[in-house]
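**Student:** Structure below; questions to follow.
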Amino acid sequence: MSTEHAEQALTPSGYITHHLSFNAKPIGNGSFWVLNYDSFIMSVLLGIVVMGLIWWVARSATTGVPSKGQAFVELIFGFVDEQVKNIFHGNRHSFIAPTALTVFLWVLAMNAMDFLPVDVMHHFVYAPLGLERWRSVPTSDINTTFALALAVWILMIYFSIKVKGLGGWIHELFYAPFGGAKFFKPKSAMGFVGLLLSPLLFVANFAFNIIEYVSKPLSHSLRLFGNMYAGEVIFLLIGLWAATGLTGTIFGAILGAGWSIFHILIVALQAFIFMMLTVVYLAMAHESH
Amino acid sequence: MNINFTLIAQAIAFAVLIWFTVKFVWPPLLTAIETRQKEIADGLAAAQEGKSALEVAAKKSEVTLNEAKQKASEIIGQAEKRGSQIVEDAKGTAKTEGDRIIAGAKAEIDQEVNRAKEGLRSQVSALAIAGAEKILRKEIDAKAHSEMLSKLAAEL
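Chains F and V, in that order, give the protein sequences. Just remember that the working numbering sits 129 ahead of the position in the first sequence, which is counted from 1. Just remember that the working numbering sits 46 ahead of the position in the second sequence, which is counted from 1.
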């Protein structure tokens with residue numbers, strides 16, 4: 130292990146591979162039964178810190194003049210609430226708006242771990258703790274983003290069935306978006322034609338819906354993963370350049386600073402997009418066609 | 047980059063976080079914000095109400111003031127009228143009183159004059175008789191000339 134690590138650290142590809150591999154430990158037999166401890170621990174820690182902070186403020190929230198901390202939390206609250214209000218027109222306070230707040234803050238915090246300088250963290254924090262490999266950014270792990278997207282996907286189906294009933298949901302799978310002939314009106318001529326055509330429409334509708342149900346979680350998770358992963362790779366490439374000599378260090382530092390500043394936008398934007406898509410998917414599940 | 051158990055672990059963490067937010071974070075914040083919003087709205091409504099009440103009160107006070115002014119001028123007019131009437135009355139009363147006093151005085155004076163005349167008359171007649179007596183003591187008999195003397199006294 131240590132020789133392998135030493136070998137990796139010497140070459141550029143080794144450096145990148147080292148920084149892009151997870152602290153993965155098998156917890157059972159088979160390639161699925163592996164847990165990426167770094168992703169899991171970082172995300173849970175961040176979740177506890179971020180939502181704990183919000184909870185700590187919310188617990189002692191006053192209805193009078195708010196403290197600066199409360200004003201800040203209320204600013205975030207108002208921002209998320211406003212976005213949800215514009216998209217979802219039901220009772221948003223019971224579930225969708227708090228979910229959006231959770232998604233936004235959690236993803237934002239996880240994305241923000243990209244600002245931690247990888248090598249500094251490795252040399253001064255992770256290595257002293259005995260961690261050879263440690264990925265700081267949980268959202269650059271496809272498992273994390275896919276877990277969130279999948280959870281939203283399950284919620285989407287749950288709300289679809291809850292709002293329209295199981296029959297309504299299955300009906301929509303076959304009748305939306307292109308429509309279909311009504312079963313109980315075959316007496317008129319048009320109804321008869323429609324009845325003959327309806328199997329074709331059922332197939333088209335069903336195929337369309339299946340594609341939608343597959344593409345939603347994929348695009349949802351891969352968008353966030355791709356952005357964060359690419360951001361991390363670029364930080365690593367800049368780090369590589371910094372290792373080539375004094376010129377490389379100077380320009381690497383400048384570029385690294387520039388990329389960090391630009392990355393603030395990506396971090397916030399991707400968290401926002403992830404939240405908005407979550408709200409849009411859940412709102413769509415409430416609408417019947 | 048393999049899909050592994052991390053997926054399930056993260057999904058569970060996500061579910062717990064959502065539950066936590068739905069249960070403990072969102073409601074107190076919502077309550078605080080909505081209560082404050084309501085308080086602010088109430089305050090604004092109360093201010094509006096106060097403003098309109100003030101306007102109504104200002105209008106009312108203006109009406110009252112005008113009424114009072116009108117009443118005051120009416121009262122002043124009446125008072126002036128009454129004052130002049132009283133003066134007139136007083137003048138009239140004073141005049142009649144004066145006339146009465148003058149008339150009384152005149153009557154008294156007349157009476158006095160008459161009395162004095164009467165006195166004088168009797169005194170003059172007595173004096174005349176005494177004078178005449180003194181003058182005519184020797185020549186005229188009082189009894190013989192008494193008729194002429196009383197005639198004389200009556201003429202005086």
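All residues carry an ideal CB built from backbone N, CA and C; glycine is no exception.
1. Quick check: what's the CA-CA separation for Thr-52 of chain V versus Leu-164 of chain F?
2. Near Met-130 of chain F, which residues of its chain fall below 6 Å by C-beta distance, leaving aside the five closest residues on each side in sequence?
3. Can you pull the chain F neighbours of Ile-64 of chain V, defined as C-beta to C-beta under 9 Å?
4. Roughly how many angstroms separate the alpha carbons of Phe-66 of chain V and Leu-174 of chain F, rounded to a whole number?
5. What three-state label does DSSP hand Pro-306 of chain F in the structure shown?
6. Determine, for Asn-50 of chain V, whether the minimum Cβ-Cβ distance to residues of chain F falls below 8 Å.
7. Lys-127 of chain V bridges to which residues according to DSSP?
8. Would you give the residue range spanned by the beta strand (DSSP E) that Asn-165 of chain F belongs to?
9. Distance, Cα to Cα, Pro-227 of chain F vs Val-247 of chain F?
10. Only counting the same chain, and skipping five residues up and downstream in sequence, which positions put a Cβ closer than 7 Å to that of Trp-282 of chain F?
11. Tell me, please, whether the CB atom of Met-449 of chain F is closer than 8 Å to any CB atom in chain V?
12. List the endpoints of the continuous alpha helix (DSSP H) containing Pro-110 of chain F.
13. Closest by CA to Gly-355 of chain F, which one among F:Glu-203, F:Arg-221, F:Met-413 and F:Ile-271?
14. Would you call Ile-358 of chain F buried or exposed, if buried means 16 or more other Cβ atoms sit within 10 Å of its Cβ?
15. Tell me which same chain residues have a C-beta within less than 7 Å of the C-beta of Ala-400 of chain F, skipping the five on either side of it?
16. Measuring only between beta-carbons, confirm whether Val-71 of chain V sits less than 8 Å from chain F.
17. List the residues that DSSP assigns as beta-bridge partners of Ala-153 of chain F.
18. Using a Cβ-Cβ distance under 8 Å, would Leu-53 of chain V count as near chain F?
19. Any C-beta of chain V sitting closer than 8 Å to the C-beta of Ile-74 of chain F?
20. Write down the C-beta distance between Thr-273 of chain F and Ser-150 of chain F rounded to the nearest angstrom, noting that I regard them as a contact closer than 8 Å.
21. Taking Cβ positions only, does Ile-122 of chain V come closer than 8 Å to chain F?
22. Pick out whichever of V:Thr-81, V:Ile-49, V:Phe-70 and V:Lys-84 has its Cα sitting closest to the Cα of Gly-159 of chain F.
23. What three-state label does DSSP hand Trp-65 of chain V in the structure shown?
24. Report the rounded CA-to-CA distance for Met-413 of chain F versus Val-102 of chain V, giving the unit in angstroms.
25. Pairing CB atoms from the segment 374 to 392 of chain F with CB atoms from the segment 332 to 344 of chain F, are three or more of them under 8 Å?
26. Closer than 8 Å, Cβ to Cβ, to anything on chain F: give me those residues from the segment 78 to 92 of chain V, in chain order.
27. Under the three-state reduction of DSSP, which class applies to Asn-240 of chain F: helix, strand or coil?
28. What is the residue span of the alpha helix (DSSP H) that Val-409 of chain F lies within?
29. Taking all protein chains shown into account, do 16 or more other C-beta atoms lie within 10 angstroms of the C-beta of Gly-96 of chain V, making it buried, or fewer, making it exposed?
30. Tell me where the alpha helix (DSSP H) around Leu-195 of chain V begins and ends.
31. Please check if any C-beta of chain C sits within less than 8 Å of the C-beta of Leu-100 of chain V.
32. Please determine whether the Cβ atom of Pro-346 of chain F lies at a distance below 7 Å from any heavy atom of the ligand PLP.
33. Let's test the definition: count the other Cβ atoms within 10 Å of the Cβ of Pro-307 of chain F and tell me whether it reaches 16, buried, or not, exposed.
34. Could you list the residues in the segment 160 to 191 of chain F with a C-beta less than 7 Å from some C-beta on chain V, going in chain order?
**Tutor:** Let me lay it out:
1. Walking along the second sequence from the start, residue 52 of chain V turns up at place 6. Walking along the first sequence from the start, residue 164 of chain F turns up at place 35. Their Cα atoms are separated by approximately 5 Å.
2. Residue numbering aside, residue 130 of chain F sits at position 1 when the first sequence is read from its first letter. The predicted model places Met-130 of chain F with a pLDDT of 31, which falls under 50 and marks its position as unreliable; any figure quoted below should be read in that light. No residues qualify anywhere along the chain.
3. Here residue 64 of chain V is taken as the residue at index 18 of the second sequence, counted from 1. Chain F residues near Ile-64 of chain V: Phe-224, Pro-227, Thr-228, Thr-231, Val-232, Ala-280 and Leu-284.
4. To locate residue 66 of chain V, count along the second sequence from 1; it is residue 20. To locate residue 174 of chain F, count along the first sequence from 1; it is residue 45. Taking the straight line joining both Cα atoms gives about 14 Å.
5. As a first step, residue 306 of chain F must be located in the first sequence, where it is residue number 177. Three-state result, Pro-306 of chain F: coil.
6. Taking the second sequence and counting its residues from 1, the one referred to as residue 50 of chain V is at position 4. For Asn-50 of chain V, at least one C-beta of chain F is nearer than 8 Å to its own C-beta.
7. Looking up residue 127 of chain V in the second sequence gives position 81. Checking the DSSP bridge columns, you'll see Lys-127 of chain V has no partner listed.
8. On the first sequence, position 36 is the one that residue 165 of chain F refers to. For Asn-165 of chain F, the enclosing beta strand (DSSP E) covers residues 163 to 165.
9. Taking the first sequence and counting its residues from 1, one reaches residue 227 of chain F at position 98. Taking the first sequence and counting its residues from 1, one reaches residue 247 of chain F at position 118. For Pro-227 of chain F and Val-247 of chain F, the distance between alpha carbons rounds to 32 Å.
10. Mapped onto the first sequence, residue 282 of chain F falls at position 153. Beyond the five residues adjoining it in sequence on each side, Trp-282 of chain F comes within less than 7 Å, by CB distance, of Lys-345 and Pro-346 in the same chain, given in chain order.
11. With chain F represented from 130 up to 418, any question about residue 449 of chain F goes unanswered, as that position is not in the structure.
12. Because chain F spans 130 through 418 in this model, residue 110 of chain F falls outside it and cannot be assessed.
13. Reading the first sequence from its first residue, position 226 is the one you call residue 355 of chain F. Here the closest residue by C-alpha is F:Ile-271.
14. Within the first sequence, residue 358 of chain F is the residue found at index 229, counting from 1. Checking the sequence, you will find Tyr at residue 358 of chain F rather than Ile. By the 10 Å Cβ count, Tyr-358 of chain F comes out buried.
15. Reading the first sequence from its first residue, position 271 is the one you call residue 400 of chain F. Cβ neighbours of Ala-400 of chain F beyond the five flanking positions: Phe-233, Val-236, Leu-237 and Asn-240.
16. Taking the first residue of the second sequence as position 1, residue 71 of chain V is located at position 25. It does: the Cβ of Val-71 of chain V has a partner Cβ on chain F nearer than 8 Å.
17. Reading the first sequence from its first residue, position 24 is the one you call residue 153 of chain F. F:Asn-165.
18. One-based indexing of the second sequence puts residue 53 of chain V at position 7. Yes, Leu-53 of chain V counts as interfacial toward chain F.
19. Shown here, chain F extends from 130 to 418; a query on residue 74 of chain F therefore has no answer.
20. Within the first sequence, numbered from 1, the residue matching residue 273 of chain F stands at position 144. Within the first sequence, numbered from 1, the residue matching residue 150 of chain F stands at position 21. The Cβ separation is near 15 Å, so there is no contact.
21. Position 76 of the second sequence holds residue 122 of chain V. No, Ile-122 of chain V lies away from the interface with chain F (no Cβ there is under 8 Å from its Cβ).
22. Along the first sequence, one-based indexing puts residue 159 of chain F at 30. It is V:Ile-49.
23. The residue labelled residue 65 of chain V in the question sits at position 19 within the second sequence. Under the three-state reduction of DSSP, Trp-65 of chain V is assigned to helix.
24. Locating residue 413 of chain F in the first sequence gives position 284, where the first residue counts as 1. Locating residue 102 of chain V in the second sequence gives position 56, where the first residue counts as 1. Going by the C-alpha atoms only, they are around 53 Å apart.
25. Flag = no, the segment 374 to 392 of chain F and the segment 332 to 344 of chain F do not touch.
26. Listed in sequence order: Ala-78, Ile-79, Thr-81, Arg-82 and Glu-85.
27. Within the first sequence, numbered from 1, the residue matching residue 240 of chain F stands at position 111. In the structure shown, Asn-240 of chain F sits in a helix (DSSP, three-state: H, G or I).
28. On the first sequence, residue 409 of chain F is found 280 positions in, with the first residue counted as 1. Where Val-409 of chain F is concerned, the enclosing alpha helix (DSSP H) stretches over 375 to 415.
29. In the second sequence, counting from the first residue as 1, residue 96 of chain V sits at position 50. Under this definition Gly-96 of chain V is an exposed residue.
30. Stepping through the second sequence from its first residue, residue 195 of chain V is reached at position 149. Start and end: 192 to 201.
31. Any reference to chain C falls outside this structure, whose protein chains are F and V.
32. The ligand PLP is not among the ligands present in this structure, which contains no ligands whatsoever.
33. Taking the first residue of the first sequence as 1, we reach residue 307 of chain F at position 178. It is worth fixing the name first, because residue 307 of chain F is Phe in this sequence and not Pro. Flag for Phe-307 of chain F reads exposed.
34. Closer than 7 Å at the C-beta level to chain V, one finds these residues of the segment 160 to 191 of chain F: Ser-160, Phe-161, Trp-162, Val-163, Leu-164, Asn-165, Ser-168, Phe-169, Ser-172, Val-173, Gly-176, Met-180, Ile-183, Trp-184, Ala-187, Arg-188, Ala-190 and Thr-191.
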